[in-house]
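Heads up, the thing below is written out as structure tokens.
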Amino acid sequence: MSSIINSMKIKLLEYFWAQNDELFFSILLCAILFISPPCIDASVWIIDPGLREAVFMEPGGEMNTRITCLENIPSMVVDPVTGGCLALNSTKKQAILFNSSGSVKQYIDKFNFPVSCSVPKLGTCFWISDCGNHCLIKIDKSGNIVNTVYGFGYPCEIDATAPDGGIWIADSLLGEAIKLRSDGAVQCRFNLLESPVSLSVNSNNGVCWIADYKRGNITKLSSSGTDPFRIPGFHKPAKIRVDNRDGYCWVLDQGTNSAIKLNSTGDRILETPGLNHPVDIAINTVDSCCWIADNGADRLIKINDTGSIILSICIAEPLAVVFNKLDGNIWVSYKYGLRIYNSSGTFLHEERGLVEPVACAAELTGRKIWIMDRYSGVIYKTNTSGEVFNKITGLTRPAAIAYDSTGERLWVADTGADRLLQYDKDGVLLNELCGFAKPQCLAVNQLNSFCWVADTENNAVVKLSESGAELLRLTGFKCPRSVDVDNSDGSCWVADSLHGKIVKISESGTILAMIYDTSICVGVKVDQRDGSCWAATTYYTLKYDHDGLPLFQLLKNPSRTLCIDPDDGSCWVGDYNSGVVYHMTSDGDIINQFDNYNNPISIQIWK
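Reminder that position 386 of the sequence shown reads as 386 in our numbering, one-by-one numbering, no gaps.
Below you can see the structure in the form of structure tokens.
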């Protein structure tokens, strides 16, 4: 985009020069040089452990994707065709698509406060209730919005499994149960309710069962929304699910902390007491056993068709549970993520998303990036949709990651295990290097693949060969936190944090420059165009020339991370005190700033 704009500017200047209009030429030139805002060509990844997010931002600052934590998911639905799952993260205002094995396929950022989701019997699309925007949103299997229906109060639960393709909505604010046609037009409304919080549709005959929480009853409606039949005697019915095999119905009553089974005519058949704030229930349509998210008891329980508890699994604050009829597995969301169990209760898989993301490394070719999660010790290989292609696991609080010059080898600082690891581009372990003490940072020379390491608690800086052989070890530092390499001459800049200085070292280990009084320097980044160096400290963002002479000092707030655009030398600065990310020219002028971050700790240019 910037190349097109620049070309237009040049043509305008040429035209007015040819017209001998010196006055207008001068005015236009000034406007172009001093008034026109710089164009942002680069996309960036911003890693924010405070928000537990990795944000992909398009040129111009538009947020494209947020890869997030997967905590406190209130609603899920299984795709009856693929066996994958759609889950809603209300806190992060997202929908997340998973494949059948439980790996993330896509993060969808198009919502305000999504709380419920459903899929038609044929699995052609997904419907999502967005209570923040008081609407229903229909998306296709790729996450694209197909239709939006407004006019609701608080559509707290939806069911799109009606045999005629209709969608039922429980609107707890309006006190209504509403049925839409498949195209989103209203088919009928039933408004003799007070606080409908849950509903379930028999996908064989279209009968709709509704839990009216405050009135303490269940209402049964025909497929056309008529012939209401009320079933009293409940206290706080919070969730209801129909067994499509026989038309029987399960109700979770939070007033009595019990699960109650009704037959198709509404008669009570059995009751399972002794629960503690049950919040969701899923019916195994093969054997009619039920799985209940017993939130207050921190357990997932399985009860048989006679109401007896036959299995109990400890899990922190379970929220939503769904049954996958294609493989018989159970998906459950809980306080820290999402898990999959088989029908016998055997644990199969867990996804937690990003809990404490700290660093990332983009492929030199292709459109994928590795994102490091320090808390879980996992590095995810993903793309701009958040689809997970691969994982590196078994790490202990890793802190840094970088590609070598070929893009075929990945260096990882496994800080908690006091080691460095080398992987191939597919995540296969090639080499393990021990003898370090909490290495915090590494930088790879993009000409010869030599790697410089900040061996933080050994108070040393180490230079390694491409294969990992130690070539040089320099001591005398005090808690070096960051290193970066000047590819042109192989020199290395070091943030010697607790000595309050920045040191420049030649490729052979000779000190070339020593800059004092930099407070606690936590980051250095070299501009490969001219060898100048940006520094992030607890008080300022600084820049020095190739010889270590100061160029300017700015941003009196503490900066945490730096990233330099290799094309124009502009710098992205993460201010962890104010939660602002700045994009600056190579001269330190602010091009743009992006608010609403918490602790931007790592930024990666994406060309």
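We put the CB at the ideal spot given by N, CA and C, even for glycine.
Classification of residue i by the beta-carbon crowding that lies within 10 angstroms, buried from 16 upward
i: Y516; result: exposed
i: K138; result: buried
i: V146; result: exposed
i: N596; result: exposed
i: H583; result: buried
i: D159; result: buried
i: C434; result: exposed
i: D484; result: buried
i: A31; result: Below a pLDDT of 50, predicted positions are generally treated as unreliable, and A31, at 47, falls in that range; the measurement from the model is reported next regardless. A31 should be labelled exposed.
i: I511; result: exposed
i: S200; result: buried
i: S223; result: buried
i: L122; result: exposed
i: L275; result: buried
i: T456; result: buried
i: N144; result: exposed
i: N577; result: exposed
i: I35; result: For I35, the pLDDT reaches just 41, beneath the cut-off of 50, and the residue's location in the model is therefore unreliable, leaving the point undetermined.
i: D373; result: buried
i: I4; result: No answer about I4 holds up, because its pLDDT of 37 lies below 50 and its placement is not dependable.
i: V461; result: buried
i: L430; result: exposed
i: V186; result: exposed
Residue of the options minimising C-alpha distance to residue i
i: A177; options: T161, C208, E58; result: C208
i: S142; options: D109, S519, E317; result: D109
i: S258; options: P49, I310, P278, G165; result: P278
i: L395; options: T226, D404, Q422; result: Q422
i: D253; options: D587, C289, G266, D212; result: D212
i: D367; options: N383, R352, N112, P566; result: It should be noted that the sequence gives Arg, not Asp, for residue 367. The shortest C-alpha separation from R367 is found at N383.
i: S182; options: D164, L193, G175; result: D164
i: G569; options: K556, W534, D575; result: W534
i: D565; options: P59, P49, A54, G50; result: P59
i: K214; options: G206, P237, L221; result: P237
i: S465; options: F450, R473, K478, G490; result: F450
i: N599; options: I128, I269, E356, N191; result: E356
i: T346; options: L192, R352, N217, L300; result: L300
i: N202; options: N217, Y248, P232, G233; result: Y248
i: T608; options: L262, Q187, V522; result: Because the chain spans 1 through 607 in this model, residue 608 falls outside it and cannot be assessed.
i: N217; options: L192, D404, G225, G296; result: L192
i: P608; options: S90, I260, C441; result: Nothing in the structure corresponds to residue 608, since the chain is present only between 1 and 607.
i: K239; options: V186, P49, N295; result: N295
i: L555; options: T538, A95, L364, C563; result: T538
i: S405; options: S467, Y540, F229; result: S467
i: P80; options: T226, C125, K105; result: C125
Proximity below 8 Å, CB of residue i to CB of residue j
i: E500; j: I520; result: Checking the sequence shown, residue 500 turns out to be Gly, not Glu. A contact, by the Cβ cut-off of 8 Å.
i: V115; j: C131; result: yes
i: L420; j: V428; result: no
i: H235; j: G255; result: yes
i: S343; j: G328; result: yes
i: Y107; j: R52; result: no
i: S43; j: W606; result: yes
i: A399; j: V444; result: no
i: I590; j: R560; result: no
i: I281; j: V321; result: yes
i: W493; j: V524; result: yes
i: D171; j: Y154; result: yes
i: C117; j: W127; result: yes
i: I603; j: W250; result: no
i: R352; j: I315; result: no
i: P480; j: S497; result: yes
i: I502; j: A495; result: yes
i: R189; j: G166; result: no
Residue interval of the beta strand (DSSP E) (run including residue i)
i: K525; result: 521-526
i: V201; result: 196-201
i: E157; result: 155-159
i: G337; result: 337-341
i: I167; result: 167-171
i: Y334; result: 330-334
i: E351; result: 347-351
i: N431; result: 429-433
i: A320; result: 320-323
i: D642; result: Absent from the model: residue 642. The displayed extent of the chain is 1 to 607, so no value can be given.
i: N147; result: 145-150
Neighbour flag for residue i against chain B, beta carbons, 8 Å
i: G225; result: Structure shown: chain B not included; a single protein chain is present.
Examine the Cβ distances between the segment 70-87 and the segment 378-397 and report whether three or more of them are shorter than 8 Å. Under the Cβ criterion (8 Å, minimum of three pairs), the segment 70-87 does not count as touching the segment 378-397.
The segment 284-300 / the segment 238-249 touching (three or more Cβ pairs under 8 Å): They touch, by the three-pair rule.
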